[in-house]
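Student: Take the sequence shown: its letter number 269 is residue 269 in our numbering, and every next letter is one higher. The beta-carbon is built from N, C-alpha and C at its ideal position, and this holds for glycine as well.
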Amino acid sequence: PPRLRPPPAPPPRRAREPRGAMPAVEPREIPVIGESLVVVGDGLLEEIPDRLQKAGLTPAVFVIISDRTVFGHYGSRLLAAFSLAAEGAAKPARVVTYVIEPGEPSKSRDVKAAIEDFMLESRCTRDTAIIAMGGGVVGDLSGFVASTYMRGVPVVQIPTSVMAMVDSSVGGKTAINVPAGKNLIGAFHQPRFVFADMTLLASLARREVAEGLAEAIKMGVIRDASLFDLMEKESEKMLALDQAVAAQVIYDSIRHKADVVALDEKELGLRATLNYGHTIGHAVEALMSPAMLHGECVSVGCVLEADLAARLGKLPTEAVPRIRACFEAYGLPVGMPALPEGKGVPELMGKMAVDKKNAGGKIRCTIITGIGTSIDCPQPVEREVIEAVLRDALDAASSGCPSPAKR
């Protein structure tokens, strides 16, 4: 694919007017595992070069990977920060940039290879660090490049979406998509730093904010009833990214994920529970992308997997409509969408058959037992039960009637 070479200092552009000035959020640090550290706060972007230098991350080359939209918003600021830091350095690092097209199609073998070829052409050795500035696509792709380039180089994540901040940038999961499914080829490669600068969320549209918050609601359902309660009560403040509420939700979501990653880095058990909603959600996404965003598909998956847990007798039935209502309050879809012509239960089950959590030929799902609690490891579920949940959801979608999860 063609490389997009950005000008040295592109003018900042915004998809929408940024929200008004708000009180600054003091930086807070969250250790993850090993040297991996998350920093959450306001105004971190310009501080990143100095923070890296003070932490001893001083490679010969920094490779900034971003997408065209994000780089247009924030690329000039990051480059200016590196230029300023270089003025006082005895041996400043070279900074090169690679800009991809936004969207899931870029999370591919071809784009990964193109980035690697660019780095080789740019004479990047193992004395290189990658900086991923963008949403989940940029973070996953850049992390995977970092995990394999010269057998592994450091990566620094600068998430610019709610989804990336609360979920994908933390914990070292990296991957690309392939025709068989999403995130099936990848590696675990912990970022040296994650800089969650909340001011970078200012240009997001409401739909983009909502789809990212699906992951925070998910975290509340499986691990933290108080987080769920907060999101249930403060949906309008969260959608407006009210500084105090958003800072607490984002911090708590990251803290919970960091705790889980520290206990189970390679997803051998407990960490796999973070995929609540993703077994069904990824199957829906495989058939509905790009019309539906990842978080929207996860929202559908969370509601249907709550229905599944209730049918298995593990979750009180009254919890299901409450979970559904919380996702609905953020404008997220909660029922099965109208699938493409000719697609139905068999195609959804086919996508679930290659889910990474599966074992022994069985589809495994995270089973929630209450709001804020879940079984520590994903459990095998009989195909007939999953098929019944999907069939009822598709019937409800076609008839316009509430699904069993709402009745």
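Would you kindly check if the distance between the Cβ of His282 and the Cβ of Lys182 is under 9 Å?
Tutor: Yes, the Cβ-Cβ distance between Lys182 and His282 is below 9 Å.
Student: Rounded to the nearest angstrom, what separates Leu52 and Arg364 at their Cα positions?
Tutor: So the alpha carbons of these two residues sit roughly 40 Å apart.
Student: Where do the ends of the beta strand (DSSP E) carrying Pro159 lie?
Tutor: Its beta strand (DSSP E) spans residues Val155 to Pro159.
Student: Can you tell me where the alpha helix (DSSP H) with Val303 in it begins and where it stops?
Tutor: Taken as a continuous stretch (DSSP letters only), the alpha helix (DSSP H) holding Val303 covers His294 to Arg311.
Student: Please classify Glu267 as buried or exposed, where buried requires at least 16 other C-beta atoms within 10 Å of its C-beta.
Tutor: Burial call: buried.
Student: Look at the alpha carbon of Ile416 and the alpha carbon of Val145, and state the distance between them as a whole number of angstroms.
Tutor: In the structure displayed, the chain extends from 1 to 407; residue 416 sits before or after that span and is not available.
Student: Would Ser235 be called buried (16 or more neighbouring beta carbons within 10 Å of its own) or exposed?
Tutor: Buried: at least 16 other Cβ atoms inside 10 Å.
Student: Opposite Met133 in the DSSP bridges: which residues?
Tutor: Bridge partners of Met133: Ser66 and Ile158.
Student: The alpha helix (DSSP H) with Leu120 in it runs from where to where?
Tutor: Segment Arg109 to Glu121, the alpha helix (DSSP H) holding Leu120.
Student: Taking 9 Å as the cut-off, decide whether the C-beta atoms of Lys257 and Val170 are in contact.
Tutor: Cβ distance < 9 Å, so Lys257 and Val170 count as in contact.
Student: My output table needs one value for Ala80: the three-state DSSP class, helix, strand or coil.
Tutor: The answer is helix: DSSP assigns Ala80 an H, G or I state.
Student: Assuming the contact rule is C-beta atoms closer than 8 Å, Ala286 and Ser253 should be a hit. Round their C-beta distance to whole Å, please.
Tutor: Contact doesn't hold; Cβ gap of about 25 Å is too wide.
Student: For the stretch 60 to 75 against the stretch 220 to 236, are there 3 or more C-beta pairs whose distance is under 8 Å?
Tutor: The stretch 60 to 75, when compared against the stretch 220 to 236, does not touch it at the 8 Å Cβ threshold.
Student: Mind checking Ala393: buried by the 16 CB within 10 Å criterion, or exposed?
Tutor: It counts as buried.
Student: So, for Leu141: in the same chain, excluding its five sequence neighbours on each side, which residues have a beta-carbon less than 7 Å away from its beta-carbon?
Tutor: The residues are Ser106, Lys107, Val111, Lys112 and Ile176.
Student: Once DSSP output is grouped into helix, strand and coil, what is the label at Tyr74?
Tutor: Tyr74: helix per DSSP, three-state reduction.
Student: Which residues in the same chain have their Cβ closer than 8 Å to the Cβ of Ile250, if we skip the five residues on either side of it in sequence?
Tutor: Around Ile250: Val40, Val162, Met165, Val166, Ala196, Met198 and Ala216.
Student: Tell me whether Ala21 is buried or exposed, calling it buried when 16 or more other Cβ atoms sit within 10 Å of its Cβ.
Tutor: The predicted position of Ala21 is uncertain, since its pLDDT is 43 and thus under 50; a value taken from the coordinates is nonetheless stated next. Exposed: under 16 other Cβ atoms inside 10 Å.
Student: State whether the stretch 308 to 324 contacts the stretch 371 to 381, with contact taken as three or more CB pairs (one from each stretch) at a distance under 8 Å.
Tutor: Touching, yes, given that three or more Cβ pairs across the two stretches are closer than 8 Å.
Student: Helix, strand or coil for Cys326? Go by DSSP, reduced to three states.
Tutor: DSSP places Cys326 in helix when its eight states are reduced to three.
Student: When you compare the CB positions of Val389 and Leu332, do they come within less than 9 Å of one another, or not?
Tutor: Going by C-beta atoms, Val389 is not nearer than 9 Å to Leu332.
Student: Exposed or buried, which one is Glu208 when buried takes at least 16 other CB atoms within 10 Å?
Tutor: Label assigned to Glu208: buried.
Student: Could you give the first and the last residue of the continuous alpha helix (DSSP H) run that contains Gln379?
Tutor: Premise fails: Gln379 lies in the beta strand (DSSP E), Gln379 to Val381, not in any alpha helix (DSSP H).
Student: Could you check how far apart the C-beta atoms of Ala210 and Tyr330 are, in whole angstroms? I think they sit under 8 Å.
Tutor: Between Tyr330 and Ala210 the Cβ distance is about 5 Å, and since that is below 8 Å, they are a contact.
Student: With DSSP as the reference, please indicate the residues paired to Val138 in a beta bridge.
Tutor: In the DSSP output, where bridge partners are listed per residue, Val138 has none listed.
Student: If you draw a straight line from the alpha carbon of Glu101 to that of Val138, how long is it in whole angstroms?
Tutor: About 10 Å.
Student: Residues bridged to Val385 by DSSP?
Tutor: In the DSSP output, where bridge partners are listed per residue, Val385 has none listed.
Student: Are the beta-carbon atoms of Ala246 and Leu201 separated by less than 9 Å?
Tutor: Yes; because the gap between Cβ atoms is below 9 Å, this pair is in contact.
Student: Let me know the secondary structure DSSP gives Pro31 once reduced to three states.
Tutor: Three-state result, Pro31: strand.
Student: Whole-angstrom Cβ separation of Gly335 and Ala291, contact assumed at under 8 Å?
Tutor: The Cβ separation is near 15 Å, so there is no contact.
Student: Whose C-alpha, out of Glu104, Ala325, Gly88 and Val320, is nearest the C-alpha of Lys233?
Tutor: The candidate whose alpha carbon is nearest that of Lys233 is Ala325.
Student: Once DSSP output is grouped into helix, strand and coil, what is the label at Ser398?
Tutor: Three-state result, Ser398: helix.
Student: Which residues share a DSSP beta bridge with Phe195?
Tutor: Note: Phe195 sits in a beta bridge opposite Val39.
Student: On the criterion of 16 or more Cβ atoms from any shown chain inside 10 Å, does Gly89 qualify as buried, or is it exposed?
Tutor: For the sequence presented, residue 89 should be read as Ala rather than Gly. It is exposed - the Cβ of Ala89 has fewer than 16 other Cβ atoms within 10 Å.
Student: Roughly how many whole angstroms lie between the Cα atoms of Glu29 and Ser36?
Tutor: Rounded to whole angstroms, Glu29 to Ser36 spans 11 Å at the Cα level.
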